[in-house]
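**Q** Here it is, the structure in full.
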Amino acid sequence: MSSKKILVTGALGQIGTDLTEALVHRWGESQVITTDLKPQKINSSIIHKTLDVLDFQALRQIVEEHGITEIYHLAAALSAKGEQVPQWAWELNMKSLLNVLEISKVYGVRVFWPSSMAAFGPFSTIQPATQQSVMDPTTVYGISKLAGESWCAWYHRSHGIDVRSLRLPGLISWKTPPGGGTTDYAVDIFHAAVTLRPYTCFLSPNTRLPMMYMPDAIRAILELMEASSSSLTVRYSYNLTAMSFTPEELAEEIKKRIPSLSIRYEPDFRQTIADSWPREIEDSTAQKDWGWKSHYNLSSLVDEMIKGIKSIY
Ligand code: NAD
Ligand code: SER
78 MSSKKILVTG ALGQIGTDLT EALVHRWGES QVITTDLKPQ KINSSIIHKT LDVLDFQALR
138 QIVEEHGITE IYHLAAALSA KGEQVPQWAW ELNMKSLLNV LEISKVYGVR VFWPSSMAAF
198 GPFSTIQPAT QQSVMDPTTV YGISKLAGES WCAWYHRSHG IDVRSLRLPG LISWKTPPGG
258 GTTDYAVDIF HAAVTLRPYT CFLSPNTRLP MMYMPDAIRA ILELMEASSS SLTVRYSYNL
318 TAMSFTPEEL AEEIKKRIPS LSIRYEPDFR QTIADSWPRE IEDSTAQKDW GWKSHYNLSS
378 LVDEMIKGIK SIY
């Protein structure tokens, strides 16, 4: 049996739902403990603790009691909610990460923490955004991701913490709804299409953003966490990419399968956020260091999303 003991924070969110399933499949149910502000899902036999990750002592106690060796720290505020409630987002994103890193320093825990393409900003949009592009985020969320990346690198450099991170693009999945980001339209549109409802998109038709189907992101997280430490040259956060598309291109691809989809565009405050992010990202450093390669393109993503969403209605 593996001596790994894994703790997932924010485990009931969009990534946490799929990641927990993959971790249980990879390491076994008894090796994984999920935590979230929310109580456990019905019918789950995984150990789940209701935990506010801002509560340092409560987090420390779980790590000590269960002999945790790895933390996947997912609890955070996303970009759109972050602009609406900035102080809450900054406090949650920064304090929780520092809690995780401090506790990991004491208990020798390996950490996965997701950054985002949102850590880039308007001056990074010389395309594609490279690993070393200028970083000038303009949102509270993006600022917290860039600061978080620097904290990860600092804890690795100053305390030897084995912390690993990815700059994730917008993630598209069907098991759990997204939690208040700017790329949420690319999930919502599928629910509208499958249930034959018209869809009103909050971004303009030509807003191109980097995106990824969730199984690729989950595989990237697992591969990064299993890579040999000596092969990793980046301890702030790796660029990661799969595809880029616009709402119009996504709608056209869905219409090839569901011709009745009707879409109109009413851009709101999230348009400004999207306009500050890169259209394309390149990830050659991740490819070179730990062999990253995405599997899904726009066509296979649309096939899988329609199949997945149909299975839940
Ligand atoms: P989500 O909003 O779907 O889930 C976050 C979870 O954290 C929720 O279940 C929520 O209940 C929980 N939570 C909130 N406050 C908490 C607290 N104080 N204590 C404990 N739990 C708390 O988010 P997600 O999409 O799963 O994102 C997870 C991480 O990945 C975040 O850091 C996010 O920035 C990053 N990320 C996500 C995407 C994406 O497209 N989903 C892209 C890039 C980066
Ligand atoms: N999907 C995320 C968001 O839109 C990107 O990090 O906030």
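The C-terminal position of the sequence shown is numbered 390 in our numbering, with every residue numbered one higher than the one before it.
Here a beta-carbon is modelled for each residue, glycine too, at the ideal position from N, C-alpha and C.
(1) Enumerate in chain order the residues of its own chain whose CB-to-CB distance from A351 is below 7 angstroms, with the five nearest sequence positions on each side excluded.
(2) Please determine whether the Cβ atom of G258 lies at a distance below 7 angstroms from any heavy atom of the ligand SER.
(3) Using the Cβ count rule (16 or more neighbours within 10 Å means buried), how would you classify V264?
(4) Looking only at its own chain, which residues have a Cβ that is under 6 angstroms from the Cβ of T207, when we skip the five neighbours before and after it?
(5) Taking only the alpha-carbon atoms, compute the straight-line gap between E226 and I123 and give it to the nearest angstrom.
(6) Taking only three categories from DSSP, how would you classify M212?
(7) Starting from the C-beta of Y262, find all residues in its chain whose C-beta is less than 7 angstroms away, skip the five residues before and the five after it, and write them out in chain order.
(8) Alpha carbon to alpha carbon, what distance is there between L301 and W104?
(9) Given that a residue counts as buried once 16 or more other Cβ atoms are within 10 Å of its Cβ, and exposed if not, what is Y373?
(10) How many whole angstroms separate the CB atoms of H233 and R312, which I take to be in contact at a CB cut-off of 8 angstroms?
(11) Among the candidates Q91, N316, L84 and T318, whose CA atom is the shortest distance from the CA of H256?
(12) Consult DSSP for R312 and reduce its assignment to one of helix, strand or coil.
(13) Does the beta-carbon of V183 have 16 or more other beta-carbons within 10 angstroms, so that it is buried, or is it exposed?
(14) Say yes only if the C-beta of L245 is nearer than 7 angstroms to one or more non-hydrogen atoms of the ligand SER, and no if none qualify.
(15) Let me check you understand the geometry: is the CB of S173 closer than 7 angstroms to at least one non-hydrogen atom of the ligand SER?
(16) Tell me the residue span of the alpha helix (DSSP H) that contains P292.
(17) Out of D366, Q117, W367 and C229, state which residue places its alpha-carbon closest to the alpha-carbon of T86.
(18) First and last residue of the alpha helix (DSSP H) that includes E147?
(19) For a test of your reading of the model: does the CB of T242 fall under 7 angstroms from any non-hydrogen atom of the ligand NAD? Yes or no.
(20) Return yes when at least one heavy atom of the ligand NAD lies under 7 angstroms from the C-beta of D129, else no.
(21) Check for me: the beta strand (DSSP E) holding Y276 runs from which residue to which?
(22) My output table needs one value for T207: the three-state DSSP class, helix, strand or coil.
(23) Taking the alpha carbon of E147 as the point to measure from, which residue in P275, P292 and E303 has its own alpha carbon closest?
**A** If we stick to the structure as given:
(1) Leaving aside the five residues that flank A351 on each side, the residues in its chain whose CB is nearer than 7 angstroms to its CB run, in chain order, T259, L280, T284 and L286.
(2) Checking the Cβ of G258 against the ligand SER gives yes.
(3) Buried, since its Cβ has 16 or more Cβ neighbours within 10 Å.
(4) For T207, where only same-chain residues beyond five positions count, the Cβ hits under 6 angstroms are E359.
(5) Going by the C-alpha atoms only, they are around 30 angstroms apart.
(6) DSSP, read as helix, strand or coil, puts M212 in coil.
(7) Same-chain partners within the cutoff: C278, F279, L280 and P324.
(8) C-alpha separation (whole angstroms): 15 angstroms.
(9) By the 10 Å Cβ count, Y373 comes out buried.
(10) In this structure H233 is in contact with R312, their Cβ atoms being roughly 4 angstroms apart against a cut-off of 8 angstroms.
(11) Before going on, a small fix: residue 256 reads as Gly here, not His. Answer by Cα proximity: Q91.
(12) If DSSP states are grouped into helix, strand and coil, R312 belongs with coil.
(13) By the beta-carbon neighbour count (other beta carbons within 10 angstroms, threshold 16), V183 is exposed.
(14) Yes, the ligand SER has a heavy atom inside 7 angstroms of this Cβ.
(15) Outside the cutoff, so no.
(16) For P292, the uninterrupted alpha helix (DSSP H) segment begins and ends at M291 to E303.
(17) Cα-wise, what sits closest to T86 is Q117.
(18) First-last for E147: E147 to H150, but that is the beta strand (DSSP E), not the alpha helix (DSSP H).
(19) The sequence given here places Ser at residue 242; Thr does not occur at that position. The answer is no for S242.
(20) At least one heavy atom of the ligand NAD sits closer than 7 angstroms to the Cβ of D129.
(21) Going by DSSP, Y276 is part of the beta strand (DSSP E) stretching over Y276 to C278.
(22) Note: T207 maps to coil in three-state DSSP.
(23) For the set P275, P292 and E303, the Cα lying nearest the Cα of E147 is the one of E303.
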